[in-house]
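Residue numbering for the first sequence follows my numbering, beginning at 11 and increasing consecutively. Just so it is clear, CB atoms sit at the ideal spot from N, CA and C, and this is done for glycine as well. Remember, it's a predicted structure, so these values are computed and weren't measured experimentally. Have a look at the structure below, then the notes.
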Amino acid sequence: MKFEIYDTLSRRLQPVEPANGKELGFYCCGPTVYSSAHIGNFRTFVVQDVFRRVAELSGVRVKHVRNITNVDDKTIRVSMEQGKSLGEFTSFWTEKFHRDCEALNLLIPTVEPGAVEHIAEQISMIETLMEKGIAYQAKDGSVFFRIEAFPEYGRLSGVKDRELTTETTAQADDEYGRDSMADFALWKAGKPEDGDNVWESPWGPGRPGWHLECSAMSIKYLGPSFDVHSGGIDLAFPHHENEIAQSEACTGQSFSRLWFHVVHLMVDGKKMSKSLGNMYTLADLQEKGFHPEEVRYGLIAGHYRKHLNFTLGALEAHRSNLQRLARLSDLVNARANFTPPSYRELTKSSREEGELGRFYPAFVALLDNLNVPKALGELFRVAGDIEKHPDTVTQEDALGLAVVIEALGIKLPTLEAADIPEEIKALAETRLQARADKNWAESDRLRDELTQRGWAIKDVAGGYEVEPLS
RNA sequence: GGCGUGGUGGCAGAGUGGUCUAAUGCGCGGGAUUGCAAAUCCUGUUACCGUCGGUUCGAAUCCGACCCACGCCUCCA
11 MKFEIYDTLS
21 RRLQPVEPAN
31 GKELGFYCCG
41 PTVYSSAHIG
51 NFRTFVVQDV
61 FRRVAELSGV
71 RVKHVRNITN
81 VDDKTIRVSM
91 EQGKSLGEFT
101 SFWTEKFHRD
111 CEALNLLIPT
121 VEPGAVEHIA
131 EQISMIETLM
141 EKGIAYQAKD
151 GSVFFRIEAF
161 PEYGRLSGVK
171 DRELTTETTA
181 QADDEYGRDS
191 MADFALWKAG
201 KPEDGDNVWE
211 SPWGPGRPGW
221 HLECSAMSIK
231 YLGPSFDVHS
241 GGIDLAFPHH
251 ENEIAQSEAC
261 TGQSFSRLWF
271 HVVHLMVDGK
281 KMSKSLGNMY
291 TLADLQEKGF
301 HPEEVRYGLI
311 AGHYRKHLNF
321 TLGALEAHRS
331 NLQRLARLSD
341 LVNARANFTP
351 PSYRELTKSS
361 REEGELGRFY
371 PAFVALLDNL
381 NVPKALGELF
391 RVAGDIEKHP
401 DTVTQEDALG
411 LAVVIEALGI
421 KLPTLEAADI
431 PEEIKALAET
441 RLQARADKNW
451 AESDRLRDEL
461 TQRGWAIKDV
471 AGGYEVEPLS
């Protein structure tokens with residue numbers, strides 16, 4: 011079975027394989043670093059991470075490029091409001107983003123270029139487009155891409171003749187002096203409110219348009235024509251449409267071969283929005299006592315091409331699933347006398363049927379357009395069999411489980427005891443004695459006290475186990 | 001208005017012509033265990049698949065209409 015993904019461009023499943031036969035060029039539109047990314051943003055990044063893992067575990071080498079948008083209207087505006095330099099401001103949020111990525115067990119991209127470090131490349135693309143007569147400078151000094159000059163425009167999103175259909179176009183012609191309202195900015199002329207955040211260019215001081223950075227950086231690191239480009243569904247139009255137009259017009263070659271888009275996350279059945287107060291960040295959820303692994307599980311638990319309804323209740327359910335998987339993994343590895351190889355090690359070969367034992371169907375579900383829910387179903391179905399008949403575990407089962415868990419990027423909770431503070435230990439010991447004395451009232455009182463202090467106690471044969479309540 | 005996606009049990013979420021009275025997880029019921037719990041284990045939990053028609057020997061799965069929800073339509077993943 012080959013890895014296939016639904017391609018927005020051709021509107022059908024397409025095999026995921028490198029055109030050059032060696033390495034898959036994979037570009038993801040990264041975050042704009044002006045605040046904490048929210049879980050909706052992370053749904054996209056986590057799905058892209060699973061995509062990469064599945065590709066690598068099926069034997070495809072991946073060059074993963076994900077940009078950081080560290081110069082745009084918002085980063086400039088907010089940094090100015092806070093009286094910080096753009097660099098200082100965006101570094102802060104970039105680091106925050108990296109910490110969240112790590113917590114969510116995202117693989118680090120092969121290259122993570124920042125827009126502001128690639129202004130020269132962007133200017134060079136604009137120059138080419140100017141030479142070809144596809145770009146023009148408007149009266150306010152900005153440079154625009156002439157959509158008329160690119161007849162293919164609209165292929166990805168199916169949007170055509172947009173100026174006739176949008177309401178916003180009817181009003182407000184020409185604040186910038188564009189030839190057509192549909193034309194988009196390649197270079198934005200500097201304005202007084204931009205402060206020092208302007209760069210020199212042949213068209214005067216200003217900054218690159220947002221769409222351009224992805225074209226410039228993907229072409230720089232993956233070449234004019236590469237394999238896969240991905241982002242949130244909202245980016246399909248206009249961002250990706252514009253990327254295709256400017257890139258292909260500039261290089262004369264076809265841009266990304268495949269496109270896959272991740273559908274938006276809903277929270278409690280509604281679109282996330284500031285006014286509804288349901289725009290969770292990872293930190294928000296951690297404050298509520300949830301672990302990043304549970305959040306990751308929640309973000310992949312629905313198929314990426316459908317709305318995912320994210321709820322706190324579901325998050326609680328995931329905790330027990332993760333614990334069950336951890337127990338299963340221990341059981342399987344012990345039975346098969348198997349030590350799970352590292353992720354790196356696992357990606358060194360492709361996966362054939364038979365090699366993954368009973369977990370092969372779960373992996374196949376992932377190869378089939380990243381069907382994570384189906385994969386989880388298959389995973390738990392086999393889990394049930396194994397729990398009932400542990401003696402049937404094989405080497406292949408053990409490898410299969412390891413591969414599937416790595417493909418999903420699931421970090422299993424450790425089953426070992428956490429560090430227990432002395433006073434908690436003392437309470438537990440006292441309770442053990444009370445139980446030995448059959449002093450149930452005292453024993454229950456001590457259990458309540460432990461609970462109040464945030465610890466759960468379980469009685470096991472001849473002793474107890476304590477663990478932090480989460 | 002244009003383009004697009006989806007409506008499956010208490011919740012989440014697979015399933016795209018027959019083995020579907022529909023996977024899986026959570027929840028819930030019963031039992032074992034426990035001083036009582038928790039955790040764990042066993043066991044049960046019969047959704048007719050938005051509505052109405054149509055095609056077919058046969059549809060959750062195909063077609064049509066309608067209802068509803070959601071997304072994109074200039075910088076929001």
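If we call anything under 9 Å between Cβ atoms a contact, is E253 one with S228? Closer than 9 Å, so yes.
**Message:** Just list the residues that DSSP pairs V238 with in beta bridges.
**Reply:** According to DSSP, residue pairing for V238 in a beta bridge involves F36, L268.
Quiz item: In chain order, what residues of the same chain have a beta carbon less than 6 Å from the beta carbon of Q181, not counting five sequence neighbours either side?
Solution: Model confidence at Q181 stands at a pLDDT of 38, short of 50, so the residue's coordinates are unreliable and nothing is read from them.
Rounded C-beta distance between N379 and E14? I'm assuming under 8 Å. About 6 Å; that satisfies the 8 Å criterion.
Subject >> Under 9 Å between C-beta atoms of G410 and A385 >> reply: The Cβ atoms of G410 and A385 do not sit closer than 9 Å to each other.
Using a Cβ-Cβ cutoff of less than 7 Å, which residues in the same chain neighbour G279 once the five nearest sequence positions on both sides are dropped? Cβ contact annotation for G279 (same chain, cutoff 7 Å, sequence separation greater than five): N319, in chain order.
Anyone know if the C-beta pair for R53 and V272 falls short of 9 Å? Yes. Within cutoff.
- Query: In terms of alpha-carbon separation, which member of Q147, Y290, H399 lies closest to G214?
  - Reply: Answer by Cα proximity: Q147.
**OP:** From the DSSP output, in three-state form, read off E326 for me.
**Re:** When DSSP states are grouped into helix, strand and coil, E326 belongs to the helix group.
Checklist entry - Looking only at C-alpha atoms, which of S453, S257, F247 sits nearest to F236? => result Considering only alpha carbons, the answer is S257.
Using the Cβ count rule (16 or more neighbours within 10 Å means buried), how would you classify G241?
For G241, the number of other beta carbons within 10 angstroms of its own is at least 16, and it is reported as buried.
- Message: Give me the DSSP bridge partner(s) of N319.
- Response: Answer is M276.
From the DSSP output, in three-state form, read off A404 for me.
What sits at residue 404 in the sequence shown is Thr, not Ala. DSSP, read as helix, strand or coil, puts T404 in coil.
W209 - partner residues in DSSP beta bridges: Looking at the DSSP output, W209 shares a beta bridge with G216.
For L332: DSSP bridge partner residues: Paired residue(s): none; L332 is not in a bridge.
Supposed close pair G35, L232 - CB separation, criterion 8 Å:
G35 to L232, Cβ: 4 Å. Contact.
Problem set entry | Whole-angstrom distance between V277 and T349, CA atom to CA atom | Between T349 and V277, the alpha-carbon positions lie close to 39 Å from each other.
Q: Identify which residue in I430, L366, S339 has its Cα closest to the Cα of A393.
A: Taking only the C-alpha atoms, the option nearest A393 is S339.
I15 in three-state terms, based on DSSP:
Three-state DSSP puts I15 in a strand.
Could you tell me the distance, in whole angstroms, from the CA atom of G473 to the CA atom of D429? Each residue's alpha carbon lies about 17 Å from the other.
Within its chain, find whatever has a CB closer than 8 Å to the CB of A199; leave out the 5 residues flanking it on each side and keep chain order.
-> Around A199: D150, G151, S152, W213, G214, P215, G216.
Q) Bridge partners of E304, per DSSP? A) In the DSSP assignment, E304 is bridged to no other residue.
task: Specify, as a first and last residue, the run of the beta strand (DSSP E) that Q147 falls within.
output: Counting along the chain, the unbroken beta strand (DSSP E) around Q147 starts and ends at 145–147.
* Determine the direct distance from the alpha carbon of K435 to that of E127, and round the result to whole angstroms. => Rounded to whole angstroms, E127 to K435 spans 54 Å at the Cα level.
Tell me the rounded alpha-carbon separation between E27 and N115. When rounded, the distance between both Cα atoms is 24 Å.
Minimum C-alpha distance to G387 - residue among K421, T357, H313: Just measuring C-alpha positions, the residue of K421, T357, H313 sitting nearest G387 is H313.
TODO: From the DSSP output, in three-state form, read off Q92 for me.
DONE: DSSP places Q92 in coil when its eight states are reduced to three.
For G394, report the span of its alpha helix (DSSP H) as first-last. For G394, the enclosing alpha helix (DSSP H) begins and ends at 382–398.
Open item on the list: Could you compute how far the alpha carbon of S68 sits from the alpha carbon of L422?
Closed with: Whole-angstrom Cα-Cα distance: 22 Å.
| task | Would you please state the rounded distance, in angstroms, between the beta carbons of Y163 and A255? I believe it to be under 8 Å. | result | Going by Cβ atoms, the distance from Y163 to A255 rounds to 5 Å, so yes, they are a contact pair.
Q. Buried or exposed: I420, going by 16 or more other Cβ atoms within 10 Å of its Cβ?
A. Under this definition I420 is a buried residue.
Examine the Cβ distances between the stretch 35–49 and the stretch 103–117 and report whether three or more of them are shorter than 8 Å. Flag = yes, the stretch 35–49 and the stretch 103–117 touch.
Subject >> Own chain, CB closer than 8 Å to L442, minus 5 neighbours either side, in chain order >> reply: Answer for L442: G473, Y474, listed in chain order.
Between the Cα of L456 and those of A471, V470, E433, spot the shortest distance and give me the residue it belongs to. Measuring from the Cα of L456, the nearest candidate turns out to be E433.
Requested in this report: List the endpoints of the continuous beta strand (DSSP E) containing F154.
Outcome: Annotation for F154: the continuous beta strand (DSSP E) segment containing it runs 153–155.
Could you check if G308 is buried or exposed, using at least 16 other CB atoms within 10 Å of its CB as the buried criterion?
The residue is buried, with at least 16 neighbouring Cβ atoms inside 10 Å.
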